[in-house]
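S.K.:
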Amino acid sequence: MKAVIPAAGLGTRFLPATKAQPKEMLPIVDKPAIQFVVEEAINSGIDDIIIITGRGKRAIEDHFDRSFELEYFLRERGKLDLLKQVVDISELADIHYLRQKEMKGLGHAVYCARDHIGNEPFAVLLGDSIVNAHVPCTRQMMNYHHRFKGSIIAVEEVAPDKISNYGVIDPEPLDAGVFRIKDLVEKPRPEDAPSNLGIIGRYILTPAIFDIIKNTTPGKGGEVQLTDALRALRQEEEMYACKFQGKLYDIGNKLDYLKASVEMGLENKEIGSKFREYLKDLEL
1 MKAVIPAAGL GTRFLPATKA QPKEMLPIVD KPAIQFVVEE AINSGIDDII
51 IITGRGKRAI EDHFDRSFEL EYFLRERGKL DLLKQVVDIS ELADIHYLRQ
101 KEMKGLGHAV YCARDHIGNE PFAVLLGDSI VNAHVPCTRQ MMNYHHRFKG
151 SIIAVEEVAP DKISNYGVID PEPLDAGVFR IKDLVEKPRP EDAPSNLGII
201 GRYILTPAIF DIIKNTTPGK GGEVQLTDAL RALRQEEEMY ACKFQGKLYD
251 IGNKLDYLKA SVEMGLENKE IGSKFREYLK DLEL
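Under the numbering used here, the sequence shown has 140 at position 140, and the numbering climbs by one with no breaks.
1. Under the rule that 16 or more other beta-carbon atoms within 10 Å means buried, what is Val135, buried or exposed?
2. What does a CB cutoff of less than 6 Å around Lys57 pick up in its chain, not counting 5 residues either side in sequence?
3. Does the beta-carbon of His145 have 16 or more other beta-carbons within 10 angstroms, so that it is buried, or is it exposed?
4. Does the beta-carbon distance from Val110 to Leu226 come in below 8 Å?
5. I need the straight-line Cα distance from Lys162 to Ile46, nearest angstrom please.
6. Considering only the alpha carbon of each residue, which of Ile51, Leu266 and Ser151 lies closest to Arg276?
7. Does the Cβ-Cβ distance between Leu125 and Ala3 come in under 8 Å?
8. With a threshold of 7 Å on Cβ separation, who are the neighbours of Ile212 within its own chain once the five nearest residues in sequence on each side are excluded?
9. My assumption, with CB atoms under 8 Å, is that Met264 sits in contact with Ile28. Please give the rounded CB distance.
10. Rounded to the nearest angstrom, how far is the Cβ of Ala93 from that of Ile42, given a contact under 8 Å?
11. With DSSP run on the structure shown, which of helix, strand or coil describes His63?
12. Quick check: the segment 138-157 against the segment 237-251, are there 3 or more CB pairs under 8 Å?
13. Pop quiz: Ala7 and Met103 are said to be a contact at Cβ under 8 Å. What is the actual Cβ separation, rounded to whole angstroms?
14. Are the Cβ atoms of Glu24 and Pro16 separated by less than 8 Å?
15. Would you kindly report the start and end of the unbroken alpha helix (DSSP H) that includes Ile212?
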């Protein structure tokens, strides 16, 4: 299975930090956010990845490329552990890049990958969301896909005051944490939401989605909404949702970014214990 990572958004919620760097490159301790996403795909068994970028996103390509000057410097200084880390990043997977020339929405970003994906199911992982999980979120979804064969969408329970920020499913329970999707609604008002299960940015999709997106008219914000296309796809084939096991961080959200930095900092082998002591001593 191949993976698509949309990473073309402007990151306006994080200005001015994202004026000259991609939001996907914001570091969580010592690793850019998008590397966590790429590693999730790889740890799920995927090694063919296409990242959809845009203007000002060159730093993403440079990060996953070789850096011979840096490698030479580290080798000459005897910093072999750091050298290995730098080289390993460039050998993580077979990564391709395609630029979304106009900001036409998530649906359009996925559509840009159609020629690379071909006629087979594929994964979509949003480049600005991290899932910290024992079993990678995408792997969990792939297991459900093998069982049900149709498209799978990861969801989580969302508080009523935040539901209007999500695509929301109308679920029919099948098993513990697994649902058949009866309908989807993009960013509904709380009183109009069919459930409290919000879509979190992880998908396994059948290739039929590409023809659907091609014929989807722009929705909210004048953009081609992936949720609108999924709603149309649901009319043609069965679609399922799973409540993933793990914790989601929306790196485009300032509070979630800080939570990810703190919680993953505490898990860091190098600084975790010292950071924990610092937090204990911090007078708040």
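We put the beta carbon where it would ideally sit given N, CA and C, even for glycine.
M.R.: For this structure:
1. exposed
2. Pro22
3. buried
4. yes
5. 32 Å
6. Leu266
7. yes
8. Answer for Ile212: Ala229, Ala232 and Leu233, listed in chain order.
9. 5 Å
10. 5 Å
11. helix
12. Three or more beta-carbon pairs drawn from the segment 138-157 and the segment 237-251 are found closer than 8 Å, and the two stretches are therefore classed as touching.
13. Rounded, the Cβ-Cβ distance is 12 Å, inconsistent with contact.
14. no
15. Ile209 to Lys214
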